[in-house]
Amino acid sequence: MGKTKKVKIVSAEKAVVVSFLVDISDVVINLIVAVMSGSVVMISQVLQGFADLVSSGLLILGVKRAKLPRDKRHPYGHGRELYFWTFLSTLFTFTITAVVSFYLGLQRFINPQPISQLFWAYLVLSISVFTNGYATWLSLRRLLRKKHLSKLWSVFTHGALIETKTSLVLDLTGVMASILGIITLLLYQITGDARWDGLGAMLIAVILGLLDIYLIKRAKELLVGRSASTGTERRIKNAIKSFSEVEEVLDLRTLHIGPEKLMVNVEVDLVDQLTTDEIEILIDRIEEKIKKRVPSAANIQIELETSKV
Numbered sequence: 232m233g234k235t236k237k238v239k240i241v242s243a244e245k246a247v248v249v250s251f252l253v254d255i256s257d258v259v260i261n262l263i264v265a266v267m268s269g270s271v272v273m274i275s276q277v278l279q280g281f282a283d284l285v286s287s288g289l290l291i292l293g294v295k296r297a298k299l300p301r302d303k304r305h306p307y308g309h310g311r312e313l314y315f316w317t318f319l320s321t322l323f324t325f326t327i328t329a330v331v332s333f334y335l336g337l338q339r340f341i342n343p344q345p346i347s348q349l350f351w352a353y354l355v356l357s358i359s360v361f362t363n364g365y366a367t368w369l370s371l372r373r374l375l376r377k378k379h380l381s382k383l384w385s386v387f388t389h390g391a392l393i394e395t396k397t398s399l400v401l402d403l404t405g406v407m408a409s410i411l412g413i414i415t416l417l418l419y420q421i422t423g424d425a426r427w428d429g430l431g432a433m434l435i436a437v438i439l440g441l442l443d444i445y446l447i448k449r450a451k452e453l454l455v456g457r458s459a460s461t462g463t464e465r466r467i468k469n470a471i472k473s474f475s476e477v478e479e480v481l482d483l484r485t486l487h488i489g490p491e492k493l494m495v496n497v498e499v500d501l502v503d504q505l506t507t508d509e510i511e512i513l514i515d516r517i518e519e520k521i522k523k524r525v526p527s528a529a530n531i532q533i534e535l536e537t538s539k540v
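Letter 91 of the sequence shown, counting from 1, is numbered 322 in this note's numbering, and no numbers are missing.
See the structure below:
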C-alpha cells in the first residue's frame, strides 16, 4: 500500500506575505506600462496593486499583532486586533481602488483616448494573471486546509480566517481584473473604440467594490463579536453529549477571539450523585474532547446548572 500524502497547511504569514510581494511587483510593472500606454485599464491595475499593497501590509501587521501574548489588560490575548486591521484593509481597498478606478473609467468612457504600446500591456497583464494566480492558490490552500474544493463556499462564508479571505479576494480580484483587462484591450484593438478601455476599468471597480463590501461586513461582525458556525457548535454539543454523565446541554455560547481561537462557554446538567472529584475529572475529559473535535477551542468554560422543569 502506498503512503498517504500529507497535506501541508499554509500559514497565515506565508499567504499574506506572498500576496504582499506579488502586489509590489504589480505596482512597479503596471505603473511603467500605464505611463507607456496611457490605458486607464492599466491605471486601474496600478491603483488596485497599490491598494492591495497597503492592504496586505495592514494584514501582515494584524497577523503579527494578533500573536502578542496575553497580559493583565488583555486576558484573552490580542487575537481580535486582526479583525480591526482587516477592516481598515478592506475599507482602504474599497475607497482607493473601487471608487477611484470607477471614476477614471467613467471619465475615459466619456472622453475616449487612443492607447499605445498594447504589446507591453498584454504582456504585463498576462504575467499578472500567473503571479496573482499563485497567491490565490496559496490562500485557497490555507482556507480549505484538508477539505475538498467543493467545500470552498461553505468555508468562505462560515469560516473565521478573515485575513486569508481578504488575501484570497485581493489576489482573485487581481486575476479577474487582469483577464478582464486583456479582454477589453482586445475589444479596443478589434473595434478601435477606446470606450472599451474605460468600460473595463469600471467593471474591475464594480467587481472589487462588491467583494470589498462583503469583506467589510464580515470583518465588522467579527469585531462586534461573532459566534462559531452552526456546524462547529453542533460538534461541540455532540462532544459534550457523548458522555453518559451529562443529562443535558442547557446553554452554549461561542465567540471568535482571534484567528483560529474560539471561546466556548457551556452550561450542562449532570446526573445526580457525582462526587466533587468525579465532576472535576469529567470536566477535564469534556474539555479534552471538545478540543479534539474543535482544535480552535482555545478557552473553554464549563458551568454546572440544574435543568428547570
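Think of the CB as a built atom: it goes at the ideal place given N, C-alpha and C, for glycine as much as any other residue.
This one's a predicted model, so the numbers in the text were calculated from it and none came from an experiment.
(1) Give me the Cα-Cα distance between R301 and L430, rounded to the nearest whole angstrom.
(2) Compute the Euclidean distance between the alpha carbons of I263 and A432, then round it to the nearest angstrom.
(3) Using CA coordinates, which residue listed in L418, T415 and I435 is at the minimum distance from L403?
(4) Could you name each continuous beta strand (DSSP E) segment of 3 residues or more that falls completely within the segment 336-398, going from the start of the chain to the end?
(5) V360 and S409: beta carbons closer than 9 Å?
(6) Could you please give the first and the last residue of the uninterrupted alpha helix (DSSP H) stretch that includes D443?
(7) What did DSSP end up calling G489 once you bin it into helix, strand or coil?
(8) Please state the DSSP three-state secondary structure of V499.
(9) Are there 16 or more other CB atoms within 10 angstroms of the CB of M232, so buried, or fewer, so exposed?
(10) Look at the alpha carbon of L505 and the alpha carbon of G308, and state the distance between them as a whole number of angstroms.
(11) What residue range does the alpha helix (DSSP H) around E519 cover?
(12) May I ask you to report which of helix, strand or coil DSSP gives M232?
(13) Do F474 and I517 have their C-beta atoms within less than 9 Å of each other?
(14) Assuming I255 and L284 are in contact, meaning their beta carbons sit under 8 Å apart, how far apart are those beta carbons, in whole angstroms?
(15) Within 10 angstroms of its Cβ, does E536 collect 16 or more other Cβ (buried), or is it exposed?
(16) Using the three-state DSSP reduction, which class does A209 fall into: helix, strand or coil?
(17) Find the nearest neighbour of L392 within the set G405, V406, R465 and L375, judged by alpha-carbon distance.
(18) I need the DSSP call for A459, collapsed to helix, strand or coil.
Reading it off the structure:
(1) 50 Å
(2) 18 Å
(3) I435
(4) none
(5) yes
(6) R426 to V455
(7) strand
(8) strand
(9) Bear in mind that the predicted position of M232 carries a pLDDT of just 44, short of 50, making it unreliable; the figure below should be weighed with that in mind. It counts as exposed.
(10) 35 Å
(11) T507 to R524
(12) Any reading at M232 must be qualified, since the residue scores a pLDDT of 44, below 50, and its modelled position is unreliable; the value itself is stated next. Of the three classes helix, strand and coil, the one that applies to M232 here is coil, per DSSP.
(13) yes
(14) 6 Å
(15) exposed
(16) Not covered by the structure: residue 209. The range shown for the chain is 232 to 540.
(17) L375
(18) coil
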